[in-house]
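Worksheet: the structure to be examined is printed underneath.
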Amino acid sequence: MLMANTHDGATSRPLLEIEELEVAFAKDGGQQKVICGMSLAIRAGEIVALVGESGSGKSMTALSTVQLLPPGASIMGGRIGFDGRNLLDCSPRELNAIRGGRIAMLFQQPHAMLDPTCRVGVQVSEALRIHRGASRHTAETRALELLREVGIPEPALRAKAYAHELSGGMAQRVMIAAALSGDPDLLIADEPTTALDVTVQAQILDLLNEQRRRRGLAILLITHDLSVVSAIADRIAVMYAGRIVEEGPKDAVLHDPQHPYTHALMHCSTLEVGPDGKLISIPSGATRAMDLDHGCRFHPRCAVAEELGIADQCHRSEPALVPSHRGDGKVRCWAAEARLAAPAKDILQ
Amino acid sequence: MTLTGTVAERIGNTTPSGARSGFVAVNDLVLHYPLSRSKAIRAVDGVSFEIPKGQVLGLVGESGCGKSTIAKVLMRLVDPTSGTMVIDDLDMSRLRGEELRRLRPRMQMVFQDPLAALDPRMKIGVSMGSPLLQHGMAVADEARQQVLRMLGDVGLDPSFYDRYPHQCSGGQLQRIIIGRALLLRPSFLVCDEPTSALDASVRTQILNLLADLKDRFSLTLLMISHDLRVVRHLCDRVAVMYLGRIVEMAGTADLFRAPKHPYTRALIAASMIESESGFEAPSKVRGEPPSPLNPPKGCHFHPRCAHAADVCRSVRPELEVAGPRSTVRCHRWREIQLS
Chain A
1 MLMANTHDGA TSRPLLEIEE LEVAFAKDGG QQKVICGMSL AIRAGEIVAL
51 VGESGSGKSM TALSTVQLLP PGASIMGGRI GFDGRNLLDC SPRELNAIRG
101 GRIAMLFQQP HAMLDPTCRV GVQVSEALRI HRGASRHTAE TRALELLREV
151 GIPEPALRAK AYAHELSGGM AQRVMIAAAL SGDPDLLIAD EPTTALDVTV
201 QAQILDLLNE QRRRRGLAIL LITHDLSVVS AIADRIAVMY AGRIVEEGPK
251 DAVLHDPQHP YTHALMHCST LEVGPDGKLI SIPSGATRAM DLDHGCRFHP
301 RCAVAEELGI ADQCHRSEPA LVPSHRGDGK VRCWAAEARL AAPAKDILQ
Chain B
1001 MTLTGTVAER IGNTTPSGAR SGFVAVNDLV LHYPLSRSKA IRAVDGVSFE
1051 IPKGQVLGLV GESGCGKSTI AKVLMRLVDP TSGTMVIDDL DMSRLRGEEL
1101 RRLRPRMQMV FQDPLAALDP RMKIGVSMGS PLLQHGMAVA DEARQQVLRM
1151 LGDVGLDPSF YDRYPHQCSG GQLQRIIIGR ALLLRPSFLV CDEPTSALDA
1201 SVRTQILNLL ADLKDRFSLT LLMISHDLRV VRHLCDRVAV MYLGRIVEMA
1251 GTADLFRAPK HPYTRALIAA SMIESESGFE APSKVRGEPP SPLNPPKGCH
1301 FHPRCAHAAD VCRSVRPELE VAGPRSTVRC HRWREIQLS
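As given, the protein sequences belong to chains A and B, one line each in that order. For the first sequence, this note's numbering begins at 1 and goes up steadily by one. For the second sequence, this note's numbering begins at 1001 and goes up steadily by one.
Here's what the structure looks like:
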């Protein structure tokens, strides 16, 4: 139903449409940009993974969407379209109605997000009472249904538990139930499985996938781990230094990455061994948006630029995000753009 | 034949003499946290393993399986209920007081969260140097020189000496923690989830650094992780733990090529990128580990196991020898292997 007309409908309007987003921190009287010209679209029923290292701006993108940026950070430009409206034009009151209602969020540390002094059942029913105006009784009955739906055994008993009585996996299930209680169209999940055991990780990802299928829920999945992405995402957007450097369908990006950074990230995630018997890694630490103000932001760590002899170009000017030669994705790389000699993949190997 | 028996025979009551291959030999280690007269949490329930000199043993399992408790016991931060551990010919479980303090530098530990392991108000150099002063291994200026040299060894420049922890990235902090541990010239290093707080790209850097330092400082390593991908590269052997017991132990290549215990198969299936693991959905494990306070009868894993039979629900499986240098604790591993 929902899935059917959203999935084949390339013409259908995206549910969330971030366009040319600019976010900056105020610092020493000036500004430090952390997100520069970021664009991303998610359709109903679609799972889009936003992948990148710490400091790449992926969490900032999520927080910008719901306008919950930390003090000092502000949105300098761009548009965040949600179901036909620009969220940046919404009043605080309208935003409050959307947050926790049509847009729900899920965070890395479920225990930190749950109130330690309040029974979890009450926390799950809170959104129902606020957003739906449900009576206490209706909200509590619905909360039990939700807890059952997210796979919590003995929901009536668990609803009376406090957060500290739950394991990490159970706490994250409770958070998912709370997120679903407002019957959202979009779920923003920021590293929802990073703090969990691998076995439980797989279960939580299955649960998210199931909810997407059942409700036609769109999910923005933020993670640094490509194995999480490979499990459930439809599309992948790779972020580096506050910008998207590659974007496309999951299989295309994972199996034929066009950007040298995506390629390197793949090697790191699978812990592949290079010709020298060491694990392939990316030299030095991640460049942050404020560290570098010229050229391709990845060039200081890029092996391709040197080898192709285009290091000068990469150093001087920043490539644009253009359709890649694969056709179904986009990439921000001089080497890929010029399609010099061979795709980045062959050169790296 | 059970492993407990074989190890006990080979290391002969853990006297320092005798031909032992294990540089680190842990024998039938038990740690129970008593709750009342009749109840106890069996955090570690009869664990035995050996690590030959210069080798790396990986210890994997989910949260609460007892892997970090083993690390704490080996560091003598917690006293075991019973069992012995011999490190470099010394029975560590019996040392007390000053004698223990003198030998502590021999065994060092790297923790998961490097920021929590450093004093936020202390400069990096001072933090790194203080164990040297504590153990009387250097005086002020020597300590400084050694710290500066160690910063280079772990791939950081000398300017880090005067920085504070909040000025460093996660990867840099973990290098600092590793450096601080190595300054005491330990022969045995325990790394408890050293990379799980780090980004994928930094994780490989730290694993490469550990591999490199292991050779340069002739270290014997115990590597604890919940992520099999991490142990795969660095470890010679891997032990898989479940609810306080080792359920499978084998050479790393063997373990990944032909995992015998259903739990090991599930862990491999869960931690690999889809195409990497040869195991399909049935290997996915249901539920979460049961409470060690009230473990299931028989095989601890049976409530989550797709292959559980009647025998698994009633009889506790012992560690069986399943191949050369490979042991498994499962009633049905032969049948599962065939299917």
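Where is the CB? At the ideal position from N, CA and C, for every residue including glycine.
Counting only Cβ-Cβ distances below 7 Å, A/D225 has contacts in chain B at A1200, in chain order. With a threshold of 16 other beta carbon atoms within 10 Å, A/H263 meets it and is buried. Using a CB distance cut-off of 7 Å, A/I282 counts as an interface residue toward chain B.
In the three-state scheme derived from DSSP, where H, G and I count as helix and E and B as strand, B/F1256 is classed as helix.
The beta-carbon of B/E1248 is placed no less than 7 Å from the nearest beta-carbon of chain A.
Three or more beta-carbon pairs separated by less than 8 Å link the stretch 279 to 289 of chain A to the stretch 30 to 43 of chain A, which places the two stretches in contact.
Taken in chain order, the whole alpha helix (DSSP H) runs of length 4 or more contained in the stretch 1099 to 1137 of chain B are 1124 to 1134.
For the pair B/R1163 and B/M1128, the CB atoms are not nearer than the 7 Å cut-off.
Counted as a single uninterrupted DSSP element, the beta strand (DSSP E) harbouring B/T1327 occupies residues S1326 to V1328.
Here A/A338 is actually not in contact with A/S324; their C-beta atoms are around 12 Å apart, not less than 8 Å. The beta carbon of B/H1032 sits closer than 6 Å to the beta carbons of A1040, R1042 and T1081 from its chain, once the five residues preceding and following it are set aside; these are given in chain order.
A straight-line Cα-Cα distance of about 40 Å links B/V1315 and B/L1219. According to DSSP, B/N1027 shares a beta bridge with B/T1084. When DSSP states are grouped into helix, strand and coil, B/R1304 belongs to the helix group. Under the DSSP assignment, A/E145 falls outside any beta strand (DSSP E), being part of the alpha helix (DSSP H) whose first and last residues are R136 to E149. In the three-state reduction of the DSSP assignment, A/G78 falls in the strand class, which pools E and B.
Sequence-distant Cβ neighbours of B/A1197 in its own chain, meaning closer than 7 Å and more than five residues away, are Q1112, D1113 and G1170. Close CB contacts of B/R1329 within its chain, under the 6 Å cut and outside five residues either way in sequence, are with V1247, P1317 and L1319 (chain order). Under the three-state reduction of DSSP output, A/E337 falls in the helix class. Among the CB atoms of chain A, one or more fall inside 7 Å of the CB of B/R1229. Distance from the CA atom of A/P192 to the CA atom of B/L1222, rounded to whole angstroms, is 29 Å. Contact of A/E53 with chain B by beta-carbon distance below 9 Å involves D1199, A1200, S1201 and V1202. When C-beta atoms of the stretch 102 to 116 of chain A are compared with those of the stretch 50 to 69 of chain A, three or more pairs fall below 8 Å, so the two segments count as touching. According to the DSSP assignment, A/L271 belongs to no beta strand (DSSP E), since it is labelled neither H nor E. Excluding the 5 residues flanking it on each side, A/L208 has same chain C-beta neighbours closer than 8 Å at I47, I176, L187, A189, P192, I219, L221 and I232, in chain order.
Here A/H224 is buried: its Cβ has 16 or more other Cβ atoms, across all protein chains shown, within 10 Å. When only Cα atoms are considered, B/D1215 and B/G1054 end up about 8 Å apart. For A/T199, the nearest beta carbon of chain B is closer than 7 Å to its own beta carbon. With respect to chain A, the C-beta atom of B/N1294 has no partner C-beta closer than 7 Å. In the three-state scheme derived from DSSP, where H, G and I count as helix and E and B as strand, B/C1312 is classed as helix. Here B/A1138 has L1132 and Q1146 as same chain residues with Cβ atoms under 7 Å from its own Cβ, once five neighbours each way along the sequence are excluded. For B/D1199, the closest of A/V200, A/P319 and A/L265 by C-alpha to C-alpha distance is A/L265. By the criterion of a C-beta distance shorter than 6 Å, A/G55 is surrounded in its chain by A286 and R288, once the five residues flanking it on both sides are discounted.
At a cut-off of 7 Å between beta carbons, A/K250 makes no contact with chain B. With three or more CB-CB distances shorter than 8 Å, the stretch 1230 to 1245 of chain B counts as touching the stretch 1255 to 1274 of chain B. By the CB criterion at 7 Å, A/G72 and A/A24 fall outside the cutoff.
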